[in-house]
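See structure below.
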Amino acid sequence: VVRLVRPAFSLSSIPALGCVLLLVIYLGPMALAILTSLKPQAAIYIYDLQSFWPLSASTYSDVIGQLLVPLENSLIIATGATVLAMALATGAAYALARMESSRLRRAADVFLGALLLLQLIPQASAVIPLYGVLVATQLANTLVGVIIADAALLLPLAILVLRPHFISVPLELEDAAKVDGAGTWSIFWRVVLPLARNGLLVVGAIVFALVWGEFIYAITFLASDSLNPVSVVLLNQVTHFTTSWNGVMAVAVIATVPVVCIFAFTQRELREGISAGAIR
Amino acid sequence: VPAGIFLLATVVYPLVTLIRMAFGDVSLSNLDGSYGWTGLANFRAVFDSPFFSSSVKQTAVFTAALVAVDLILGYVVADWLRRPSRLAGFTQTVLLIGWALPVLVTGTIWRFMLLDNGFLNALLHPLSVGPVGWLSSSTFALWGVLIAVVWGSLPFSATVIRGGIMGVPAETREAATIDGAGRVTIAWRIMLPQMRSTIGTLAILLVTYGFGTSFAFIQVMTAGGPGTATTTLPMLGYQESFRTFNFGSGAAVALLSMAVVIVLAVGLSRLSRESWR
């Protein structure tokens, strides 16, 4: 029997109500964080808006001074690791993409499987031997050490997300260039890379954002305060100075700004990456 | 090839080092590689430690709860977001922002919200509940962390499950509705069997999340405490190494937790391929 008349409170309004509930649950904490960063110290645990109006951004001017060096460190680490990871990932992803359409398919499958397996290793497990290796190579407590570690952490992901971009570059174009007498290197440089440029930019931005937020390697490998990136400063504040939450939240907001910008720029790719199973 | 070499140098070599450390007498002074071979001594020390069994239990409870909650809530949320509309689109964007926030920031916000005098307890106060020691009591701390981890991972799970739902032909679902099947019956009898590979993959990723990203959350929110209430296996390995500098037993724990993840992941992928036939 097909019911033609719907009851007054129909099941079809559940999704809309659900969406509103989700918006409250997700926007609420974000709004609270921003609000807290704009409150005076005395009002941190007071949620009645009138009692601490007007809000002021003075907390930001208090914390920005001590953040300049950390911001610079974060920028160095994130840029370095992104460039390193992308340079290596580009070659690997292109090679993988082309191996798949040749007799080397098996080898490509094995390599892909290995990459997925590497993705399973918990960072907490990787950090222990990496520290040993960095100490042995005298790279502990240097930004270079952190850059290498972060690049290694994100390289498998970068390769996995880049690969489809190279697969989508038509083989015919390369063949045409070959007929015109171009060598493998110049085909890669002149034909393939420009066509995959958007993909490279987006994946690079994602890698950058992830390195920007990374703090386990940074806090473990860096011992001097002057080398700390923003993430480590935030972690230290959260774990040690938990009385001035307005300052903590101001640092958190500042640390988040680049990530949210990158998110806006890469949203579509992120969704596709999620459904491709490469990003988690 | 260069990437292969780099991975060899930065991943495979440390892996070998990890194994050597797990079977070696490593300390701060000989960390440069001059430590000797001690066989199973580290593992014996770990198994004898009173913290080991509790951390295994906490890891198991936490990971199982994360997988269960994310799959169930993920399906509910995915169902809400299924039909394209402006509201659903906007909600999905907001959710993904929540997911894309650095773990450090999400952990910071939730640590603040879950304080004894924090926002969540302030919300519960009029209902004369609490104050609950979300992160300060050893009974609740693991669940307090779980709230934050679910908040951070649910958007991802829901997006994956939504993709799976979209893969099931709409006619199948409509036919079942006309036959009078309820929402739960549809989910259990019709959607689940057809989405088993999606759910299997997601379960693997969530287990990985439980061992990997959750460690970062715990580091920000409780650092394993109060006491050892939120010391999971990865956390135990880290603390052994970098708080008490027993790198040997730390490496042993790290090796064990890595082995557990890989065994679980491989097992799950077998299971999702073969069951429900």
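So the protein sequences, as listed, match chains C and H. For the first sequence, our numbering gives the first residue as 5, with consecutive numbering after it. For the second sequence, our numbering gives the first residue as 124, with consecutive numbering after it. Positions of the beta carbon are idealized from the N, C-alpha and C atoms, including for glycine.
For the candidate residues C:Pro133, C:Pro233, C:Leu108, whose alpha-carbon lies nearest to that of Ala82 (chain C)?
-> Looking up residue 82 (chain C) in the first sequence gives position 78. Ala82 (chain C) has its Cα closest to that of C:Pro233, out of C:Pro133, C:Pro233, C:Leu108.
Taking only beta carbons into account, state which residues of the region 44–70 of chain C come closer than 8 Å to chain H, listed in chain order.
-> Tyr49, Tyr51
How long is the line joining the alpha carbons of Leu71 (chain C) and Ala259 (chain C), rounded to whole angstroms?
-> Working through the first sequence from its first residue, we reach residue 71 (chain C) at position 67. Working through the first sequence from its first residue, we reach residue 259 (chain C) at position 255. Spanning the two alpha carbons is a distance of roughly 10 Å.
Between the region 353–378 of chain H and chain C, which residues of the former have a C-beta closer than 8 Å to a C-beta of the latter?
-> Pro357, Met358, Gly360, Tyr361, Ser364, Phe365, Phe370, Gly373, Ala374, Ala377, Leu378
Could you give the residue range of the alpha helix (DSSP H) that holds Gly323 (chain H)?
-> Here the question's residue 323 (chain H) lines up with position 200 in the second sequence. 319–334 is the span of the alpha helix (DSSP H), which, as asked, contains Gly323 (chain H).
Just how far apart, CA to CA, sit Leu205 (chain C) and Ser230 (chain C)?
-> Start at 1 with the first residue of the first sequence, and residue 205 (chain C) comes out as number 201. Start at 1 with the first residue of the first sequence, and residue 230 (chain C) comes out as number 226. Spanning the two alpha carbons is a distance of roughly 31 Å.
Of the choices H:Arg206, H:Phe170, H:Arg393, H:Leu189, whose alpha-carbon is the least far from that of Gly286 (chain H)?
-> By one-based count along the second sequence, residue 286 (chain H) stands at place 163. Looking at the Cα atoms, H:Arg206 is the closest of the given residues.
Taking only heavy atoms of the ligand NAP into account, decide whether any of them is closer than 6 Å to the Cβ of Leu100 (chain C).
-> With respect to the ligand NAP, the structure offers nothing, as it holds no ligand at all.
Run through DSSP, which three-state label would Ala382 (chain H) get?
-> Translated into the one-based positions of the second sequence, residue 382 (chain H) becomes position 259. Ala382 (chain H): helix per DSSP, three-state reduction.
Minimum length 4: unbroken alpha helix (DSSP H) runs contained in the region 11–81 of chain C = Here the runs fully enclosed are 18–41.
Inspect the beta-carbon positions of Ala200 (chain C) and Val242 (chain C) and report whether they are closer than 7 Å.
-> Within the first sequence, the letter at position 196 stands for residue 200 (chain C). Within the first sequence, the letter at position 238 stands for residue 242 (chain C). No, these two residues do not count as a Cβ contact at 7 Å.
For my contact list, Thr324 (chain H) and Val137 (chain C) are in at a C-beta cut-off of 8 Å; report their separation, rounded to the angstrom.
-> In the second sequence, residue 324 (chain H) corresponds to position 201, counting from 1. In the first sequence, residue 137 (chain C) corresponds to position 133, counting from 1. Contact doesn't hold; Cβ gap of about 32 Å is too wide.
Run of the alpha helix (DSSP H) containing Ala181 (chain C), from where it starts to where it stops | For this step, residue 181 (chain C) is matched to residue 177 along the first sequence. Unbroken alpha helix (DSSP H) run through Ala181 (chain C): 175–183.
With a 10 Å radius around its C-beta and 16 neighbouring C-beta atoms as the bar for buried, classify Trp233 (chain H) as buried or exposed.
-> Residue numbering aside, residue 233 (chain H) sits at position 110 when the second sequence is read from its first letter. Classification for Trp233 (chain H): buried.
Check whether the Cβ atoms of Ala377 (chain H) and Gly360 (chain H) sit closer than 7 Å, and answer yes or no.
-> Residue numbering aside, residue 377 (chain H) sits at position 254 when the second sequence is read from its first letter. Residue numbering aside, residue 360 (chain H) sits at position 237 when the second sequence is read from its first letter. Taking 7 Å as the Cβ cut-off, Ala377 (chain H) and Gly360 (chain H) qualify as a contacting pair.
Going by the beta-carbon positions, is the gap between Thr308 (chain H) and Gly275 (chain H) smaller than 7 Å?
-> Within the second sequence, the letter at position 185 stands for residue 308 (chain H). Within the second sequence, the letter at position 152 stands for residue 275 (chain H). Contact: no.
Going along the region 195–208 of chain C in order, which residues come within less than 8 Å of chain H, judged by CB to CB distance?
-> Under the 8 Å Cβ criterion, the region 195–208 of chain C contributes no residue.
In chain order, what residues of the region 244–265 of chain C put their CB closer than 9 Å to some CB of chain H?
-> Thr246, Trp249, Val252, Met253, Val255, Ala256, Val257, Ala259, Thr260, Val263, Val264
For the candidate residues H:Thr331, H:Ala304, H:Val283, whose alpha-carbon lies nearest to that of Thr272 (chain H)?
-> Numbered from 1 along the second sequence, position 149 holds the residue referred to as residue 272 (chain H). Looking at the sequence provided, one finds Val at residue 272 (chain H) rather than Thr. For Val272 (chain H), the nearest C-alpha among the options comes from H:Thr331.
Does the region 365–383 of chain H come close enough to the region 122–135 of chain C to have 3 or more Cβ pairs within less than 8 Å?
-> yes
Apply the 10 Å Cβ neighbour rule to His169 (chain C) and answer buried if 16 or more other Cβ atoms are within range, or exposed otherwise.
-> Mapped onto the first sequence, residue 169 (chain C) falls at position 165. His169 (chain C) comes out buried.
Would you call the CB atoms of Ile3 (chain C) and Asn240 (chain C) closer than 7 Å?
-> Outside the shown range of chain C, which is 5 to 284, sits residue 3 (chain C), and nothing can be said about it.
Short-range partners of chain H found in the region 109–139 of chain C, where Cβ spacing is below 8 Å = Correct list: Phe115, Leu121, Leu122, Gln123, Leu124, Ile125, Pro126, Gln127, Ala128, Ser129, Ala130, Val131, Ile132, Pro133, Leu134, Tyr135, Gly136, Val137, Val139.
Which chain C residues are close to Ala388 (chain H), counting only those with a beta carbon under 8 Å from its beta carbon?
-> For this step, residue 388 (chain H) is matched to residue 265 along the second sequence. Going along chain C in sequence order, the residues near Ala388 (chain H) (Cβ under 8 Å) are Leu124.
Taking only the alpha-carbon atoms, compute the straight-line gap between Val190 (chain H) and Ala153 (chain C) and give it to the nearest angstrom.
-> As a position in the second sequence, residue 190 (chain H) is number 67, starting the count at 1. As a position in the first sequence, residue 153 (chain C) is number 149, starting the count at 1. Between Val190 (chain H) and Ala153 (chain C), the alpha-carbon positions lie close to 29 Å from each other.
Show which residues of chain C have a CB atom less than 7 Å away from the CB atom of Arg234 (chain H).
-> Translated into positions along the second sequence, residue 234 (chain H) becomes position 111. The answer, in chain order, is Val242.
Output the distance between the C-alpha atoms of Leu159 (chain C) and Ile68 (chain C), rounded to the nearest integer angstrom.
-> Numbered from its first residue, the first sequence carries residue 159 (chain C) at position 155. Numbered from its first residue, the first sequence carries residue 68 (chain C) at position 64. Near 32 Å, if we compare the C-alpha coordinates of Ile68 (chain C) and Leu159 (chain C).
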